[in-house]
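Protein sequence lines, in the order shown, are assigned to chains E and A. According to our numbering, the first sequence is numbered sequentially starting from 1. According to our numbering, the second sequence is numbered sequentially starting from 1001. Heads up, the thing below is written out as structure tokens.
Protein chains: 2
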Amino acid sequence: MTAPLHRPRPGTPDTQQAMRRRNLSRTMYTVAAEGPLSRAAVAQHIGLTRAAVSTLVDELIRAGLLEELGPQRPGGVGRPGSALAVSGQGPAGLGAEVGVDHLAVCAVDMRGEVRARARRRVSNRGRAPKPVLAELTELVREVTGEAQAAGLRPAGLAIAVPGLVSRGTTTVVRAPNLDWHDTDVASLLPGDVPVTVENEANFGALAELWLAEDSPADFLHVSAEIGIGAALVVDGQLLRGTRGFAGELGHVPVRPEGPACPCGGRGCLEQYAGEEAVLRAAGIEPGPDRVSLLAERAGDGDTATRRALRSAGTALGIALTGAVNLVDPRAVVLGGALSHLAPWLLPSLERELTRRTASPEDGVITSGLGSDGPLLGAAHSVVRAVLDDPMGAAAV
Amino acid sequence: MTAPLHRPRPGTPDTQQAMRRRNLSRTMYTVAAEGPLSRAAVAQHIGLTRAAVSTLVDELIRAGLLEELGPQRPGGVGRPGSALAVSGQGPAGLGAEVGVDHLAVCAVDMRGEVRARARRRVSNRGRAPKPVLAELTELVREVTGEAQAAGLRPAGLAIAVPGLVSRGTTTVVRAPNLDWHDTDVASLLPGDVPVTVENEANFGALAELWLAEDSPADFLHVSAEIGIGAALVVDGQLLRGTRGFAGELGHVPVRPEGPACPCGGRGCLEQYAGEEAVLRAAGIEPGPDRVSLLAERAGDGDTATRRALRSAGTALGIALTGAVNLVDPRAVVLGGALSHLAPWLLPSLERELTRRTASPEDGVITSGLGSDGPLLGAAHSVVRAVLDDPMGAAAV
């Protein structure tokens, strides 16, 4: 009779060093979220003694991550504490986006403010990775120069791509709309800063989590550029999937014997609600910036366009019924191009969810970040890596 | 220009006390998984000093959670260390299961061994909660008596139910096959031990995670009694959903305009692969223990039964395609009644997954726990609550 296996709890040994790193991080997040704050206020917020917090704060000031604003509220009671704020200089996060018809780069400081940005319209469909990433590097240099002139130092570059990225790597396994396969993005970049690569829907969802006011900690984020992507946030964490492939809502079967999909399946959501399918149904030729054209025509009351969006909404509703039943998110968030088309997608989408009794607790929400989500999410992922480990390699 | 919100990291303040609790827990898990071990070996496993571990171990021995087996390996080098083992007395976890046609209870000790169990066949369909739980209480008393006679002390009672349980409560929101609605299970029990209540598919998945050899840390567990349930395990954690309703695979639309489902939707998976639908297609009257009858007839080569199971497998494959695309699990595990029918479900199920290119990395696995999963998962959830916080209220 052997006893069954007790799986040990995950996690690294709980040393003083690990505890100190977490408390440095907690101090940074507290000042970022609630600052300016005195040392005493920080101590109260994170539940440590004022003496312990002072040591942490001094270390963060020396590293240029926090700064003192001088005595706070001279009219208050007792000895005035010096107010602390996150430094507007020091490390910055570089975010980049490789779109099917554009490239974009921005720099965000530790306070979360965008300090430089560049965008170029360019058709990347079927274009080889090397020239695309060479052109992206030009934009990165331009934004880096501007950021450095403002006293910032790039701590890392995070790139959003419209494809599947193998988890924990910088390799795009496949990006059908770019026609990239097994492309190691980092190997085609200069390598002067650490590079991370992530699916654009994932960065869009993270932007929603980090930047939207009152965003829930559990939601399903649905977005579209040419294809349809989704990302799941659970308890404030992105659910990446074993291989990094989670969120492939576009290939959920809507009608199992429907039209063949390039993925090998039949009747996938993209066959009903992807940009190509919607343009075809609306009688519009493919081309750049078709989402604005769809929104314009729908706004003008064009019957074919409205019908096309209505039936895309129905297909989205069917696919989302399955998703909501499976993961019970607090809300479904429509982001990216879908946020611009929401007025015409929502009625039929919500009708499906309601008649199939799969309504999430907070319903379906339209993202306020629109098409900026993935780019901002990318830049903020670098900022947060610094906040997570303020004295780590990226930060100092 | 206000800076965007930086959401503070979740978690309680990182105090010495919290660190001590985690290290006590880590010591228990290490001895449970790897024991018998000397103090020195425990120290090496968890990355703390031998002195620190000795203090932790002494506390756990005084509380009756660990015991010393005497000098270990007298032939070894150096001073022989006294081997430590998890105590076979002390706290025990009580697990219970309310099934549509049975009740079951068991007691599991801290070593993970089942020390007492009782099972009663009874038809609970449409029966009011009060008499069902009164009968369950008789079984709990019987098992508790047996456990106490063996020197064990029940630390809690966890109950698996075939329905939706509101997260963090003991209330069954709805259990269609029992016809229970908004039933607070704990309020109908004596209250002599702490009670937790969870969906049976959730406990089935946890049993798979905790007890199966080599089970992955990311998987989708699909099970069936009368309805079809599923549970998602991500990074070794159960994904419960915002309201606790995650895993409702039975109501994922398979054919959006298919037969009406009591849930209000149409063409839900249960309409094709639920027990009632399969029995109807196989030409078998409903009744107790129909899964064994299906397996027997399919084994005998009965054409109608085999066809019924084949088409149930196809429907499962379509629903699972969506699920695998959404969450990218390492494996799909067929548990509960489905594990007994796997030989006849798997070929058509896997064909759908393959042709829709949604194969999980480790494929589709059949659970070795069978119908015992939910009951064992329930009992072990209590055992693990003690391992998680060994000096907490439940343990001492």
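Idealized CB from N, CA, C, for every residue including glycine. Note that this is a predicted model, so its numbers are computed, not measured.
Beta-bridge pairing of residue i - partner residues as DSSP gives them
i	result
ALA237 of chain E	First, the residue type needs correcting, since residue 237 of chain E is Gln and not Ala in the sequence shown. DSSP output for GLN237 of chain E lists E:VAL234 as bridge partner(s).
GLU97 of chain E	E:ALA104, E:ALA160
VAL1172 of chain A	A:VAL1165, A:THR1183
GLY126 of chain E	Note: GLY126 of chain E sits in no beta bridge, so no partner.
ILE228 of chain E	E:ALA224
GLY1090 of chain A	A:LEU1152
LEU48 of chain E	Answer is none; LEU48 of chain E lacks a bridge partner.
ILE1365 of chain A	A:VAL1333
Under 7 Å from the C-beta of residue i: neighbouring residues of chain E
i	result
PRO1329 of chain A	THR242
PHE1245 of chain A	ASP328
ASP1218 of chain A	THR242
Within chain A, partners of residue i - CB distance below 7 Å
i	result
CYS263 of chain E	THR1357
Inter-residue spacing [alpha-carbon to alpha-carbon] between residue i and residue j
i	j	result
PRO8 of chain E	ASN1023 of chain A	Caution is warranted here: a pLDDT of 44 is assigned to PRO8 of chain E, below 50, making its placement in the model unreliable, and the coordinate value is therefore given only provisionally. Approximately 12 Å, taken between the alpha carbons.
ALA1147 of chain A	ARG1153 of chain A	7 Å
ALA1282 of chain A	GLU1067 of chain A	55 Å
GLN44 of chain E	THR30 of chain E	10 Å
VAL1042 of chain A	MET1110 of chain A	18 Å
ARG26 of chain E	ASP388 of chain E	8 Å
SER381 of chain E	ASN199 of chain E	13 Å
LEU1346 of chain A	GLU1225 of chain A	18 Å
VAL1386 of chain A	GLY1392 of chain A	7 Å
TRP1210 of chain A	LEU1069 of chain A	26 Å
ARG1290 of chain A	GLY1236 of chain A	33 Å
ILE46 of chain E	ASP362 of chain E	30 Å
PRO1390 of chain A	ARG1141 of chain A	25 Å
LEU316 of chain E	GLU1213 of chain A	39 Å
GLU1248 of chain A	SER292 of chain E	37 Å
ASP1328 of chain A	ASN1202 of chain A	18 Å
GLU96 of chain E	CYS106 of chain E	The sequence shown places Ala at residue 96 of chain E, rather than the Glu named in the question. Their Cα atoms are separated by approximately 7 Å.
THR1015 of chain A	VAL1193 of chain A	30 Å
ALA298 of chain E	SER367 of chain E	19 Å
HIS1006 of chain A	LEU1294 of chain A	Note that HIS1006 of chain A has pLDDT 44, beneath the 50 cutoff, so the model's placement of it is unreliable and the number below is only indicative. HIS1006 of chain A and LEU1294 of chain A: Cα-Cα distance of roughly 56 Å.
LEU376 of chain E	SER1223 of chain A	41 Å
GLY1191 of chain A	VAL1197 of chain A	13 Å
PRO131 of chain E	VAL185 of chain E	12 Å
LEU164 of chain E	GLY244 of chain E	7 Å
PRO374 of chain E	PRO1360 of chain A	27 Å
ILE159 of chain E	GLY1227 of chain A	44 Å
GLU285 of chain E	HIS340 of chain E	19 Å
ARG384 of chain E	GLU113 of chain E	13 Å
THR314 of chain E	LEU189 of chain E	42 Å
LEU1279 of chain A	LEU1309 of chain A	9 Å
Beta-carbon neighbours of residue i, restricted to chain E and to distances below 9 Å
i	result
LEU1249 of chain A	GLY322, ASN325, LEU326
ILE1318 of chain A	PRO253, PRO256
GLU1361 of chain A	THR242, ARG243
N-terminal and C-terminal residue of the alpha helix (DSSP H) that residue i is part of
i	result
GLU1027 of chain A	Residue 1027 of chain A is actually Thr in this sequence, not Glu. Taken as a continuous stretch (DSSP letters only), the alpha helix (DSSP H) holding THR1027 of chain A covers 1016-1034.
ARG266 of chain E	Element bounds for ARG266 of chain E: n/a, residue is neither H nor E.
THR305 of chain E	303-327
SER1339 of chain A	1337-1355
HIS1251 of chain A	Premise fails: HIS1251 of chain A is in no alpha helix (DSSP H) and is neither H nor E.
THR137 of chain E	129-149
LEU334 of chain E	That residue, LEU334 of chain E, is in no alpha helix (DSSP H); its beta strand (DSSP E) goes 331-334.
ALA84 of chain E	In the sequence under discussion, the amino acid at residue 84 of chain E is Leu, which differs from the Ala named in the question. Premise fails: LEU84 of chain E lies in the beta strand (DSSP E), 82-86, not in any alpha helix (DSSP H).
Closer than 8 Å at the beta carbon, the chain A residues around residue i
i	result
PRO176 of chain E	Neighbours of PRO176 of chain E on chain A: none; closest Cβ ~12 Å, over 8 Å.
VAL234 of chain E	VAL1234, LEU1239
Extent of the continuous beta strand (DSSP E) to which residue i belongs
i	result
ARG1111 of chain A	ARG1111 of chain A -> no beta strand (DSSP E), and no H or E assigned at all.
ILE284 of chain E	Premise fails: ILE284 of chain E is in no beta strand (DSSP E) and is neither H nor E.
SER223 of chain E	219-224
GLU1198 of chain A	1195-1199
Neighbour flag for residue i against chain C, beta carbons, 7 Å
i	result
ASP1214 of chain A	Of the protein chains in the structure, E and A, none is chain C.
Any non-hydrogen atom of the ligand FMN within 6 Å of residue i CB
i	result
LEU1232 of chain A	No copy of the ligand FMN appears in this structure; indeed no ligand is present at all.
Closer than 8 Å, Cβ to Cβ, to anything on chain A: give me those residues from the segment 14-33 of chain E, in chain order.
Listed by position along the chain: ASP14, THR15, MET19, ARG22, ASN23, SER25, ARG26, TYR29, THR30, ALA32, ALA33.
Taking a cut of 8 Å between CB atoms, which residues from the segment 88-117 of chain E lie near chain A?
Those residues of the segment 88-117 of chain E that come within reach of chain A (Cβ to Cβ, closer than 8 Å) are ARG111, GLY112, GLU113.
Tell me which residues of the segment 1122-1145 of chain A have at least one Cβ-Cβ distance to chain E shorter than 7 Å, keeping chain order.
Taken residue by residue, none of the segment 1122-1145 of chain A has a beta-carbon sitting less than 7 Å from a beta-carbon on chain E.
Could you please tell me which residues of the segment 180-206 of chain E, in chain order, have their CB closer than 7 Å to any CB of chain A?
Residues of the segment 180-206 of chain E with a Cβ closer than 7 Å to any Cβ of chain A: none.
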